[in-house]
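Reviewing the structure listed below.
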Amino acid sequence: MADEPHLEIKPRPALPHALTPRSPRRVAAVLGVIGLVLIVGGTLIIRPPRQAATPLTVVKAKMASKADYFTDPKVLEILRHHGIDLRVTRSGSREMALNDLQEFDFVFPSGRPATQMIEKRLNTSAGRNPPFATPLVLGTYRAYAEALRRAGVAWLRDGQGSPDSLYYTIDLKKFTELTERGTTWNDLGIGDFGRPNRNVVLAHSTNVCKSNGAGNYHALVAYAMNGYRTLTTQEEVDRFAAQLRPRYLDQGFTPDEPLQLYRNAEGKQSYPIVAFYEHQFLAYQLSQPRGKPDTDRVLLYPAGHFETEPTIITLTDPGKRVAELLETNDELRRRAAEKGFRVLEPHHSAASPTLTKVLEQHGIESPSDGNDHTKSSLPHFDLYERLITRIGECPR
Numbered sequence: 008m009a010d011e012p013h014l015e016i017k018p019r020p021a022l023p024h025a026l027t028p029r030s031p032r033r034v035a036a037v038l039g040v041i042g043l044v045l046i047v048g049g050t051l052i053i054r055p056p057r058q059a060a061t062p063l064t065v066v067k068a069k070m071a072s073k074a075d076y077f078t079d080p081k082v083l084e085i086l087r088h089h090g091i092d093l094r095v096t097r098s099g100s101r102e103m104a105l106n107d108l109q110e111f112d113f114v115f116p117s118g119r120p121a122t123q124m125i126e127k128r129l130n131t132s133a134g135r136n137p138p139f140a141t142p143l144v145l146g147t148y149r150a151y152a153e154a155l156r157r158a159g160v161a162w163l164r165d166g167q168g169s170p171d172s173l174y175y176t177i178d179l180k181k182f183t184e185l186t187e188r189g190t191t192w193n194d195l196g197i198g199d200f201g202r203p204n205r206n207v208v209l210a211h212s213t214n215v216c217k218s219n220g221a222g223n224y225h226a227l228v229a230y231a232m233n234g235y236r237t238l239t240t241q242e243e244v245d246r247f248a249a250q251l252r253p254r255y256l257d258q259g260f261t262p263d264e265p266l267q268l269y270r271n272a273e274g275k276q277s278y279p280i281v282a283f284y285e286h287q288f289l290a291y292q293l294s295q296p297r298g299k300p301d302t303d304r305v306l307l308y309p310a311g312h313f314e315t316e317p318t319i320i321t322l323t324d325p326g327k328r329v330a331e332l333l334e335t336n337d338e339l340r341r342r343a344a345e346k347g348f349r350v351l352e353p354h355h356s357a358a359s360p361t362l363t364k365v366l367e368q369h370g371i372e373s374p375s376d377g378n379d380h381t382k383s384s385l386p387h388f389d390l391y392e393r394l395i396t397r398i399g400e401c402p403r
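Here you go:
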């Protein structure tokens, strides 16, 4: 008969004094430091304590083209890290200036005219310039740029010597004269560079009654038609508005998102020249494979320097917090460059070393500031508004 197994019950090892049941407060204190303690299969597992989530404050904003930046997932994540849950509503700059803004913490019109309208309505001067900017440009295709170049209306931008350069300068006065004469692309020999096009030479813009970009483009055309002199009287404004309105109507459909049409395959025939902002073009190029920019799509910069002066108008303390982060947070500034914006830096005027570096790292030529320091000027706010409302017959 086999012996029964000998069973021996050993005393349980003593727990460290700090973890004995007699000291529950100490247990809680220790677990609060080292986290959750589990024993699985004889293995001691210590899970680190969960970090308390940063309380999020919902911040509502209304803006135009700068929504391309503020709806970027990386930007939203950086803001969440700082306790901000940003909710963005898109709107044309002039359109937002005419609508109720009470529910928003900040608004971000794309230019000075809309900013002045909003500040006047709200009786505030809370606007502040963000640390990045972007000029108004005309997007086109190389075939059309080369046809204009041969006609003496456009040329490779100063400092851009490569025949594959993405950047040209355009004389808006000569360009508008082509439109006034009813010149077609076929008249300019577009067939020598690409497919024939019987359409009249014309640039398309967004709705002039809603969009700061459209308003600025037509104001720049009037400035060029006036011999590159700022409009200073109601008589001048009315005369040029009467000239520009038929050309504006000739556009037909005015898109809310012109870049989408420009990027589509059909854009080359239907919308060969479109007014939008430089950052939109550069962001598109940065989305291409590294070192392989889309060299068929190029930019035309109006002769004479023009910055759009976007402005953040803060309406609440949370809105001010976002504006402060834009000015001080290096990650947000870097991301602005990665989205094609010129990050403003001391001693560099309109140039942006940060943007240049981002473009070079992606194998994209950086746009030159050129050698012409002429600054294009919009008319005084009241005259600007008169020009726009007459061109588009806009509600006020």
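Note that our numbering has the sequence shown beginning at 8, numbered continuously upward.
We put the CB at the ideal spot given by N, CA and C, even for glycine.
No experiment lies behind these values; they were computed from the predicted model shown.
| So residue 231 is in the alpha helix (DSSP H); what residue range does that whole segment cover? | Unbroken alpha helix (DSSP H) run through residue 231: 219 to 232.
| request: Flag this pair as yes or no: are the beta carbons of residue 347 and residue 287 separated by less than 9 Å? | output: The Cβ atoms of residue 347 and residue 287 sit closer than 9 Å to each other.
| field | Where residue 67 falls: helix, strand or coil (DSSP) | value | Per DSSP, reduced to three states, the secondary structure at residue 67 is strand.
| request: Entirely within the stretch 331 to 375 and at least 4 residues each: give me those alpha helix (DSSP H) ranges in chain order. | output: 337 to 345 and 360 to 368
| So is residue 113 buried or exposed if we call it buried at 16+ other beta carbons inside 10 Å? | Per the 10 Å Cβ criterion, buried.
| Neighbour-count burial assignment, residue 120, 16 or more Cβ in a 10 Å radius | If you draw a 10 Å sphere on the C-beta of residue 120, you find 16 or more other C-beta atoms in it, and that means buried.
| Could you give the C-beta distance for residue 141 and residue 285, rounded to a whole number, given that I count them as a contact under 8 Å? | 5 Å
| field | One or two residues paired with residue 92 in a DSSP bridge | value | 65
| said: Helix, strand or coil for residue 205? Go by DSSP, reduced to three states. | reply: coil
| query | Where do the N-terminal and C-terminal ends of the alpha helix (DSSP H) with residue 149 fall, by residue? | reply | 149 to 157
| Should the stretch 195 to 202 be regarded as contacting the stretch 93 to 113, the criterion being three or more beta carbon pairs within less than 8 Å? | By the Cβ rule, the stretch 195 to 202 does not count as touching the stretch 93 to 113, because fewer than three pairs are nearer than 8 Å.
| query | Relative to the C-alpha of residue 339, which residue among 84, 70, 395 and 71 is closest? | reply | 84
| What did DSSP end up calling residue 160 once you bin it into helix, strand or coil? | Three-state DSSP puts residue 160 in coil, outside helix and strand.
| field | Contact test: residue 398 Cβ vs the ligand SAM heavy atom, cutoff 8 Å | value | The ligand content of the structure shown is nil, which means the ligand SAM is not present either.
| query | Going by beta carbon distance, what residues of the same chain come within less than 8 Å of residue 177, once the five residues before and after it are set aside? | reply | 145, 155, 160, 161, 307, 308, 309 and 310
| message | With the cut-off set at 9 Å, would you say residue 258 and residue 204 are in Cβ contact? | response | Contact flag unset, no.
| Curious, which full-length beta strand (DSSP E) runs of at least 3 residues does the stretch 256 to 319 contain? | 281 to 284 and 304 to 309
| task | With DSSP collapsed to three states, give me the class of residue 120. | result | helix
| task | Spatial neighbours of residue 224 within its chain, please: CB distance less than 6 Å, with the 5 preceding and 5 following residues excluded, ordered by chain position. | result | Spatial neighbours of residue 224 in its own chain (CB-CB distance under 6 Å, excluding positions within 5 residues in sequence) are listed in chain order as 212 and 282.
| field | Of the listed residues 246, 131 and 263, nearest to residue 393 (C-alpha basis) | value | Of 246, 131 and 263, the residue nearest in Cα terms is 246.
| field | Residue closest to residue 107, alpha-carbon to alpha-carbon, out of 118, 68, 87 and 76 | value | In this structure, 68 is the residue among 118, 68, 87 and 76 with its C-alpha nearest to the C-alpha of residue 107.
| Whole-Å CB distance - residue 99 paired with residue 71, under 8 Å assumed | 6 Å
| request: With a 10 Å radius around its C-beta and 16 neighbouring C-beta atoms as the bar for buried, classify residue 315 as buried or exposed. | output: buried
| task | Ignore the nearest five residues each way along the sequence and tell me which others in residue 371's own chain have a CB closer than 6 Å to its CB. | result | Close CB contacts of residue 371 within its chain, under the 6 Å cut and outside five residues either way in sequence, are with 292 and 300 (chain order).
| Which residues in the same chain have their Cβ closer than 6 Å to the Cβ of residue 29, if we skip the five residues on either side of it in sequence? | Only weak support is given to the placement of residue 29: the predicted model assigns it a pLDDT of 46, under 50, and the question is left unresolved by the model.
| query | According to DSSP, what are the bridge partners of residue 188? | reply | Paired residue(s): none; residue 188 is not in a bridge.
| Ends of the beta strand (DSSP E) at residue 115? | 113 to 115
| Identity of the residues DSSP links to residue 177 by a beta bridge | 161 and 309
| Status (buried if at least 16 other CB within 10 Å, exposed otherwise) for residue 400 | Exposed, since its Cβ has fewer than 16 Cβ neighbours within 10 Å.
| request: Tell me whether the beta-carbon of residue 126 lies closer than 9 Å to the beta-carbon of residue 117. | output: no
| query | Can you name the start and end residues of the alpha helix (DSSP H) that residue 100 belongs to? | reply | 100 to 105
| field | Assigned secondary structure, residue 396 (DSSP; H/G/I helix, E/B strand, else coil) | value | helix
| How would you call residue 169, buried or exposed, if buried means at least 16 neighbouring beta carbons within 10 angstroms? | exposed
| Burial state of residue 73, where buried means 16 or more other Cβ atoms lie within 10 Å | buried
| said: Between which two residues does the alpha helix (DSSP H) holding residue 200 run? | reply: Counting along the chain, residue 200 sits inside no alpha helix (DSSP H), nor does DSSP assign it H or E at all.
| query | Quick one: what's residue 196 bridged to in DSSP? | reply | Beta-bridge pairing links residue 196 to no other residue.
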